[in-house]
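Report on one structure; see the data block that follows.
Number of protein chains: 2
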Amino acid sequence: MTAHKTIKNIALSLPLLTSGAAMAADRPNIIFFLVDDFGWTETSLPFGDEVYPRNKQFHTPNMERLSKMGTMLTNAYACSLSTATRTSLLTGMNSAHSHITSFSSLYKDIVPDAIGGHPGATNPNLDDIFAHPKWNYNALCPVQFDNDTDRATYGLNNTTYATPLPQLLRDSGYHTIHVGKAHWAPAGTPGSNPYNMGFVVNIAGAQNGHPKSYQPEDNFGNIPGQGDYGSVQNMSQYYGSNVHLTDAITREALKAMEHPIKQDIPFFLYFGHYTNHTPIQRDNRFYQKYIDMGLDEGEARYSSMVEGMDVSLGQVLDFLDEKGIADNTVLVFFSDNGGHSVGGEKGGKMHTQNMPLREGKGSVYEGGIRVPMMVVWPGKVAPDTRINTPVCVEDFFPSFCEWAQVENPQTVQERDGVSFVKLVTDGSNYIAQAQKEGKIKNQYEANRYQIPQEVSGIADNRSIISHYPHQLRFEDQDDIDFMSAVRQGDWKLIYRMHTGDLELYNLAQDIEERNNLASKYPKKVKSMAKDLGNSLRKWEAPMPTVRATGNLVPMPDEVISVSKKGKKNKKK
Amino acid sequence: MTAHKTIKNIALSLPLLTSGAAMAADRPNIIFFLVDDFGWTETSLPFGDEVYPRNKQFHTPNMERLSKMGTMLTNAYACSLSTATRTSLLTGMNSAHSHITSFSSLYKDIVPDAIGGHPGATNPNLDDIFAHPKWNYNALCPVQFDNDTDRATYGLNNTTYATPLPQLLRDSGYHTIHVGKAHWAPAGTPGSNPYNMGFVVNIAGAQNGHPKSYQPEDNFGNIPGQGDYGSVQNMSQYYGSNVHLTDAITREALKAMEHPIKQDIPFFLYFGHYTNHTPIQRDNRFYQKYIDMGLDEGEARYSSMVEGMDVSLGQVLDFLDEKGIADNTVLVFFSDNGGHSVGGEKGGKMHTQNMPLREGKGSVYEGGIRVPMMVVWPGKVAPDTRINTPVCVEDFFPSFCEWAQVENPQTVQERDGVSFVKLVTDGSNYIAQAQKEGKIKNQYEANRYQIPQEVSGIADNRSIISHYPHQLRFEDQDDIDFMSAVRQGDWKLIYRMHTGDLELYNLAQDIEERNNLASKYPKKVKSMAKDLGNSLRKWEAPMPTVRATGNLVPMPDEVISVSKKGKKNKKK
Chain B
2 MTAHKTIKNI
12 ALSLPLLTSG
22 AAMAADRPNI
32 IFFLVDDFGW
42 TETSLPFGDE
52 VYPRNKQFHT
62 PNMERLSKMG
72 TMLTNAYACS
82 LSTATRTSLL
92 TGMNSAHSHI
102 TSFSSLYKDI
112 VPDAIGGHPG
122 ATNPNLDDIF
132 AHPKWNYNAL
142 CPVQFDNDTD
152 RATYGLNNTT
162 YATPLPQLLR
172 DSGYHTIHVG
182 KAHWAPAGTP
192 GSNPYNMGFV
202 VNIAGAQNGH
212 PKSYQPEDNF
222 GNIPGQGDYG
232 SVQNMSQYYG
242 SNVHLTDAIT
252 REALKAMEHP
262 IKQDIPFFLY
272 FGHYTNHTPI
282 QRDNRFYQKY
292 IDMGLDEGEA
302 RYSSMVEGMD
312 VSLGQVLDFL
322 DEKGIADNTV
332 LVFFSDNGGH
342 SVGGEKGGKM
352 HTQNMPLREG
362 KGSVYEGGIR
372 VPMMVVWPGK
382 VAPDTRINTP
392 VCVEDFFPSF
402 CEWAQVENPQ
412 TVQERDGVSF
422 VKLVTDGSNY
432 IAQAQKEGKI
442 KNQYEANRYQ
452 IPQEVSGIAD
462 NRSIISHYPH
472 QLRFEDQDDI
482 DFMSAVRQGD
492 WKLIYRMHTG
502 DLELYNLAQD
512 IEERNNLASK
522 YPKKVKSMAK
532 DLGNSLRKWE
542 APMPTVRATG
552 NLVPMPDEVI
562 SVSKKGKKNK
572 KK
Chain A
2 MTAHKTIKNI
12 ALSLPLLTSG
22 AAMAADRPNI
32 IFFLVDDFGW
42 TETSLPFGDE
52 VYPRNKQFHT
62 PNMERLSKMG
72 TMLTNAYACS
82 LSTATRTSLL
92 TGMNSAHSHI
102 TSFSSLYKDI
112 VPDAIGGHPG
122 ATNPNLDDIF
132 AHPKWNYNAL
142 CPVQFDNDTD
152 RATYGLNNTT
162 YATPLPQLLR
172 DSGYHTIHVG
182 KAHWAPAGTP
192 GSNPYNMGFV
202 VNIAGAQNGH
212 PKSYQPEDNF
222 GNIPGQGDYG
232 SVQNMSQYYG
242 SNVHLTDAIT
252 REALKAMEHP
262 IKQDIPFFLY
272 FGHYTNHTPI
282 QRDNRFYQKY
292 IDMGLDEGEA
302 RYSSMVEGMD
312 VSLGQVLDFL
322 DEKGIADNTV
332 LVFFSDNGGH
342 SVGGEKGGKM
352 HTQNMPLREG
362 KGSVYEGGIR
372 VPMMVVWPGK
382 VAPDTRINTP
392 VCVEDFFPSF
402 CEWAQVENPQ
412 TVQERDGVSF
422 VKLVTDGSNY
432 IAQAQKEGKI
442 KNQYEANRYQ
452 IPQEVSGIAD
462 NRSIISHYPH
472 QLRFEDQDDI
482 DFMSAVRQGD
492 WKLIYRMHTG
502 DLELYNLAQD
512 IEERNNLASK
522 YPKKVKSMAK
532 DLGNSLRKWE
542 APMPTVRATG
552 NLVPMPDEVI
562 SVSKKGKKNK
572 KK
């Protein structure tokens with residue numbers, strides 16, 4: 002039990018150290034910096050082929066700094082909503098496979114119909130054509146249902162039983178730290194507590210998908226008699242101070258890294274920012290600047306939140322330098338879905354916030370799923386590079402396992418992703434070489450420069466599947482509404498279940514997804530629909546039911562033959 | 002940064018391992034099992050000279066089991082209230098020295114007058130003779146006040162700046178875990194968060210001195226719109242289950258030990274039970290049994306809470322066995338003050354709950370400060386023994402440092418305690434030897450069998466000081482009211498500030514403190530009053546002010562000369 006034993010064991014087995022043990026010991030720290038609802042263009046660091054108008058509104062110098070240190074993945078995909086992405090990160094499963102296709106509520110078994118409700122919900126305000134699908138609204142659960150124990154009382158129905166990534170990392174010797182937003186499952190289920198997910202340390206993570214308040218004067222929601230499950234925990238020392246939540250959890254994240262650094266133990270920091278989720282509240286450190294720029298109230302607030310996040314990123318980078326551990330730390334930057342573009346709270350003009358990308362959070366159009374992503378790993382990932390190879394959220398599980406040298410991870414779930422470690426190492430160096438040789442003249446050209454499959458380690462023709470068999474009802478909103486999509490190379494097929502329409506876009510030529518090429522390329526539509534259908538069938542993906550018939554909505558490849566016969570009417 | 006480096010260093014320095022490093026590595030795990038408001042007689046394990054009627058009401062087989070594994074300290078003293086004890090544990094300071102003489106509120110700068118209020122509070126419902134003393138109502142703070150930083154915004158006024166024990170243990174390599182009640186400082190100050198006290202892990206600890214609810218159906222207080230700062234955090238997975246808070250935090254405590262055990266790192270678990278503090282709520286697993294015994298509702302609830310705590314203790318012991326680490330683990334059992342005996346919520350007859358001890362929580366009579374204590378350390382502490390040498394709460398700091406081999410701990414505060422490690426090791430073996438030789442014939446005789454100073458390592462004539470310069474106002478209550486006490490050997494002097502009375506008791510003959518011997522032993526009174534006065538002066542201890550004059554209440558040795566002239570009237 003004591004360190005003494007370890008030392009004795011090491012002394013007795015020194016010859017072995019040069020093989021397996023030594024290799025396993027030389028493992029990088031891993032920092033996963035996850036921003037919430039952060040759109041692909043909501044940064045002064047352009048991920049696109051040009052600087053879009055939206056990029057100009059934001060001030061994110063630390064993201065720019067990060068991009069110089071590593072590689073940008075300009076075609077990176079999350080799911081369209083929080084819990085879907087977050088559980089995919091922890092399980093390595095596509096959300097259509099895990100059946101966690103929307104976001105989980107604050108409390109078990111309570112699911113607002115508008116976001117995907119209970120299976121077969123009959124609320125008349127809902128869609129009158131489709132009933133909601135069977136899905137795992139109690140989300141991710143690291144404990145198996147067992148009638149013989151009192152665990153059944155936790156409410157494990159409608160959960161996905163899986164082995165979470167942090168548990169594998171912890172069991173392999175990582176000091177696993179969770180700071181910030183968790184949102185893997187509702188209160189009343191084991192998945193709501195990061196301590197059940199394999200984290201050694203948890204600060205401020207629970208069932209809530211957003212904070213009740215970001216403001217210290219509101220005690221982050223913990224005002225007696227006004228609090229709810231969204232009140233942020235473990236932050237009591239900042240109550241009544243001037244420290245915004247983004248700043249507060251950053252301070253705690255830095256503090257939490259001190260111990261493993263001092264103990265010389267590799268750590269995994271899952272740093273999940275609550276920002277930029279609603280409520281859209283000003284970060285007083287930066288707000289006035291954006292008002293002075295002429296932004297409306299909502300946009301100024303939002304931009305100040307983004308800058309707060311960016312400063313947090315800078316503080317993490319400074320900390321790594323200060324501690325002398327930057328060289329042995331992998332940092333991955335990601336967002337859990339596209340920028341919020343409905344509801345109005347964010348200011349600006351609805352449905353435009355991710356332009357040129359179409360739509361936002363909730364949608365399977367690019368605005369809902371394409372997110373900013375960067376990877377820094379000094380000496381291994383080439384600095385100041387861009388990679389256009391598409392990657393997706395289910396790829397993170399095998400990638401993090403590869404970094405942590407967890408070989409052949411044993412999980413109860415079947416996983417879907419592929420590691421992007423070779424892509425970000427060999428791939429980024431391939432790009433750096435092309436830059437050196439003058440084959441790529443500026444950063445934007447890299448967006449067009451394809452990395453061969455043998456270098457990237459990722460098949461050119463692989464499918465990236467996005468599935469949202471629910472609604473997200475807001476006024477003037479019909480692009481977040483029972484849809485599936487698949488991307489293959491530059492091609493993207495969208496299946497609109499309500500109308501039975503299949504849309505085909507070439508993202509290399511039409512990033513806005515405005516020019517539907519379905520009638521021009523029927524064979525492509527057919528093959529992609531087949532591919533999407535096959536995956537959804539294989540995964541037994543949640544699908545809505547047609548109220549009139551009680552039948553499941555047809556798969557995308559089944560709808561082709563009937564699409565001319567009779568399109569379904571859609572309710573509005 | 003990696004474990005790799007450590008291994009290399011060890012390989013290079015193997016010859017050194019047999020000296021300092023190896024010694025430092027062979028350190029025990031330390032489990033501090035702290036129960037709340039748990040009176041000295043509220044257990045089926047008698048700490049006194051006989052089985053008192055109160056002992057018979059309770060069922061604590063695991064405390065009995067623990068007593069067989071180690072030693073009972075039958076004269077162990079806490080402060081009379083929670084935060085005073087808890088901050089003393091973390092600082093090694095007497096509460097009269099730290100100036101944290103009462104319990105801290107939920108929120109900074111808000112102090113109910115009844116429990117010690119703001120200095121000079123003028124609330125007319127208060128005592129009309131005395132005004133409250135200057136004291137550190139914002140309690141313990143691990144951060145120094147610094148006008149140059151925004152730390153000042155945290156509210157560091159009226160705090161005691163000190164280096165907390167867990168920080169020293171963590172910095173020496175311990176994996177420090179906090180589970181349960183913290184209560185070191187109010188929300189809005191750094192001390193409210195265990196992460197600031199040197200804990201690597203915190204589960205459920207914050208500013209609150211009691212849970213808003215123990216019941217899972219109340220979500221431990223987290224019901225939207227009904228919660229407050231007493232709602233227990235980090236427990237969301239148990240909401241709506243059948244798992245009582247005592248059970249829930251036990252499960253989390255066991256889980257939290259898994260990581261350091263697996264990593265072969267020594268750990269310090271500070272396991273602070275919320276129970277048996279108010280609200281007095283039934284533990285459904287045990288409640289009916291006590292009703293069936295004929296107890297009233299309050300007593301039955303209370304007894305079920307005690308049994309829940311005892312089962313938790315058993316689960317910890319089972320866990321240590323199961324993991325094979327019991328032999329290298331020190332377990333210390335303690336309560337933060339005497340049993341609650343006012344207010345009525347607990348049932349029974351007020352002021353009798355600690356009988357034969359006088360009064361309860363809040364009082365410096367034995368009922369308020371003498372608490373159950375046990376120490377288990379297999380192979381070092383003799384099993385099934387009793388030690389009657391008095392120990393006190395400020396002794397824990399040096400003792401835990403000694404166990405952890407933290408030599409000459411560097412702290413910003415001056416500490417007051419002495420280590421009891423020699424007492425519980427050599428002392429318990431001295432008792433065991435006497436038992437073997439037939440000098441002690443039964444467990445109760447050990448209560449009378451003195452361990453010589455050279456064996457115990459603790460001076461026979463040392464003073465144990467209890468200071469409560471506040472009130473705790475309840476009906477029919479005047480023994481928790483501006484008092485100080487000092488114990489030396491069997492003698493105890495009590496100073497009642499309101500009346501200027503000095504009372505002298507011989508605890509060996511009069512554990513009930515009913516036979517005041519002051520007039521019989523004036524010299525003893527004088528010397529003990531002098532001793533108490535000297536300590537209070539040295540520590541600049543908080544003292545109330547006489548409203549009429551604005552003068553501080555006289556010290557106990559100053560009152561002797563005037564006590565015949567004019568006793569102050571006491572308000573009732």
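Chains B and A are the protein sequences, given in the same order. Taken in order, the first sequence gives residues 2 to 573; the numbers are from the working numbering. Taken in order, the second sequence gives residues 2 to 573; the numbers are from the working numbering. C-beta atoms are modelled at their ideal positions from N, C-alpha and C, and glycine is treated no differently.
8 Å CB neighbourhood of residue i in its chain, flanking five on each side removed
i, result
"Gln-282/A", "Ser-214, Tyr-215, Gln-216, Arg-302, Met-306"
"Phe-131/A", "Phe-483, Met-498, His-499, Pro-545, Thr-546, Val-547, Arg-548, Val-554"
Assigned secondary structure, residue i (DSSP; H/G/I helix, E/B strand, else coil)
i, result
"Leu-270/B", "strand"
"Asn-76/B", "strand"
"Lys-525/B", "helix"
"Gln-58/B", "helix"
"Trp-404/B", "helix"
"Thr-161/A", "strand"
"Tyr-496/A", "strand"
"Pro-134/B", "coil"
"Thr-546/A", "strand"
"Glu-504/B", "strand"
"Tyr-108/A", "strand"
"Arg-463/A", "coil"
Residue i: contacting residues in chain B (beta-carbon distance under 8 Å)
i, result
"Asp-219/A", "Here the premise fails: no neighbours, minimum Cβ distance about 13 Å."
Within chain A, the residues that residue i reaches when beta carbons sit closer than 7 Å
i, result
"Ile-31/B", "The premise fails here: Ile-31/B is roughly 12 Å from chain A at the closest Cβ pair, so nothing lies under 7 Å."
"Val-202/B", "Val-201, Val-202"
Contact belief for residue i with residue j at Cβ below 8 Å, rounded distance in angstroms
i, j, result
"Pro-384/A", "Lys-69/A", "6 Å"
"Ala-249/B", "Met-236/B", "6 Å"
"Arg-359/B", "Gly-368/B", "5 Å"
Proximal chain A residues relative to residue i, where beta-carbon distance stays under 9 Å
i, result
"Lys-256/B", "Tyr-196, Asn-197"
"Lys-109/B", "Tyr-240, Gly-241"
"Tyr-288/B", "Neighbours of Tyr-288/B on chain A: none; closest Cβ ~17 Å, over 9 Å."
Residues of its chain near residue i, where Cβ-Cβ distance is below 6 Å and the 5 sequence neighbours each way are ignored
i, result
"Thr-75/B", "Phe-48, Arg-387, Asn-389, Asn-448"
"Ala-519/B", "Leu-503, Glu-504, Leu-505, Val-526"
"Asp-297/A", "Gly-348"
"Lys-381/B", "Thr-426"
"Tyr-271/A", "Phe-33, His-179"
"Thr-164/B", "Thr-412, Val-413"
7 Å Cβ cut-off: residues of chain B touching residue i
i, result
"Ala-207/A", "Ser-237"
"His-260/A", "Arg-171, Val-201"
"Glu-253/A", "Tyr-196"
Close-in-space but distant-in-sequence residues of the same chain around residue i (CB under 7 Å, 5 per side omitted)
i, result
"Tyr-288/B", "Ala-301, Arg-302, Ser-305"
"Ala-25/A", "Reliability fails at Ala-25/A, whose pLDDT of 45 lies under 50, so the model's placement of it is uncertain and the value that follows must be treated cautiously. Closer than 7 Å at the Cβ level, and outside the excluded window around Ala-25/A, lie Gln-406."
"Met-64/A", "Thr-44, Leu-46, Asp-311, Leu-314"
Contact list for residue i against chain A, beta-carbon separation under 8 Å
i, result
"Gln-227/B", "Gly-226"
Practice item. Mind listing, in chain order, the continuous alpha helix (DSSP H) runs of no fewer than 4 residues lying wholly within the segment 257-335 of chain A? Key: 288-293, 298-324
Exercise for review: May I have a chain-ordered list of the alpha helix (DSSP H) segments no shorter than 4 residues that lie completely inside the segment 363-431 of chain A?
Suggested key: 367-370, 397-404
Point to revise | Sequence ranges, beta strand (DSSP E) only - wholly within the segment 194-254 of chain A, length at least 3 | key: 202-204
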